[in-house]
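**Q** Quick note on numbering: numbering that gives the first Met the number 0 labels position 113 of the sequence shown as 112, and the sequence is numbered without any gaps.
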Amino acid sequence: MMPDHFCVVDDDSDFLAFLGEYTSARGLNTSRFASAEALLQHGHIEAFDFFILDLGLPGTDGVDLISMIRAKSSAGILVVSGRMGPDAFNSALNAGADMFVNKPVRFDQIYNAVQTIYRRSRSKDAHGTTWTLERGTRTLIAPQQTSTVLSETEHAIMQKLQISSPAPVSREELAEASGVIPGTDFRNLDAAIFRLRRKIERETQGPAPLRTERGRGYSLAASIQLR
0 MMPDHFCVVD
10 DDSDFLAFLG
20 EYTSARGLNT
30 SRFASAEALL
40 QHGHIEAFDF
50 FILDLGLPGT
60 DGVDLISMIR
70 AKSSAGILVV
80 SGRMGPDAFN
90 SALNAGADMF
100 VNKPVRFDQI
110 YNAVQTIYRR
120 SRSKDAHGTT
130 WTLERGTRTL
140 IAPQQTSTVL
150 SETEHAIMQK
160 LQISSPAPVS
170 REELAEASGV
180 IPGTDFRNLD
190 AAIFRLRRKI
200 ERETQGPAPL
210 RTERGRGYSL
220 AASIQLR
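Structure representation (structure tokens):
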């Protein structure tokens, strides 16, 4: 089980080229950037479902880039860096990275690390267990009985996803159902769903039952019953 679309950010052109060849040979879609600025100019962080980053980047530092990614995405982040020591390790993890691997490293080790992070993120308890959405109180209850009270907009998003499940819902449909003003490239909707995901994770102590469907919109990652 591997992500659909990788993003690799590293200023080592040889590393970028060889890792790109390695992942492409395994049928994986990989976008490569030599700096944080190049990725940010791309403008669609949410399009990627896994990031491999170096810390010693020109311009914006890798730790700062991790924080920027985490502000917009809950995708897996693997740091592959020659920066050594506990300070680098702790800074990367505190910023939101999932794992830190020191260079030099074999590409099969990177592949296995990505696979481990991605499999772990998709096999947590929220995926494949039943949640409950109470319409009267707009309360979302996790399988372990922790809960969060949703705003009207958040409730509308979850209800639309539940009604359409297991099929994905387009961003156009979600914007219309929730009343979120689409904005340029539906970034307002993406931001609203990102905040919702973070809220659910924070208040229910587990992964949110939401999944980004690249090129199609969003879907539920777990069963939700209405009550």
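Using N, Cα and C, we set each Cβ at its ideal position, and we do this for glycine too. All of these numbers come straight from a predicted model, not from anything done at the bench.
For HIS154 and GLN224, I'd like the C-alpha separation in whole angstroms.
**A** For the purposes of this step, residue 154 is identified with residue 155 of the sequence shown, where counting begins at 1. For the purposes of this step, residue 224 is identified with residue 225 of the sequence shown, where counting begins at 1. Computed Cα separation, rounded: 13 Å.
**Q** If distances are taken between C-alpha atoms only, which option among LEU52, TYR21, GLY178, ALA166 comes closest to VAL228?
**A** Outside the shown range of the chain (0 to 226) lies residue 228, about which nothing can therefore be said.
**Q** Do you know whose CA, among ASP48, ALA46, ALA35, lies nearest GLY58's CA?
**A** One-based indexing of the sequence shown puts residue 58 at position 59. Selected option, being the one with the closest Cα: ALA35.
**Q** Report back the beta-carbon spacing between GLY75 and ASP97 to the nearest angstrom; my notes put them in contact at under 8 Å.
**A** To locate residue 75, count along the sequence shown from 1; it is residue 76. To locate residue 97, count along the sequence shown from 1; it is residue 98. GLY75 to ASP97, Cβ: 5 Å. Contact.
**Q** So LEU219 is in the alpha helix (DSSP H); what residue range does that whole segment cover?
**A** As a working mapping, residue 219 is identified with position 220 in the sequence shown. No alpha helix (DSSP H) contains LEU219, which is instead part of the beta strand (DSSP E) from 216-219.
**Q** Can you tell me the Cα-Cα spacing of ILE116 and ALA176, whole angstroms?
**A** By 1-based counting over the sequence shown, the position of residue 116 is 117. By 1-based counting over the sequence shown, the position of residue 176 is 177. Using only the alpha carbons, I get a separation of about 33 Å.
**Q** Would a C-beta distance cut-off of 9 Å place THR203 and GLN143 closer than the cut-off?
**A** One-based indexing of the sequence shown puts residue 203 at position 204. One-based indexing of the sequence shown puts residue 143 at position 144. Yes, these two residues count as a Cβ contact at 9 Å.
**Q** Does the stretch 85-97 come within contact of the stretch 32-48, defined as at least 3 CB pairs closer than 8 Å?
**A** The stretch 85-97, when compared against the stretch 32-48, does not touch it at the 8 Å Cβ threshold.
**Q** Considering only the alpha carbon of each residue, which of ARG118, ASP11, ALA141 lies closest to MET1?
**A** The residue given as residue 1 occupies position 2 in the sequence shown. Of the listed residues, the one whose Cα sits closest to MET1 is ARG118.
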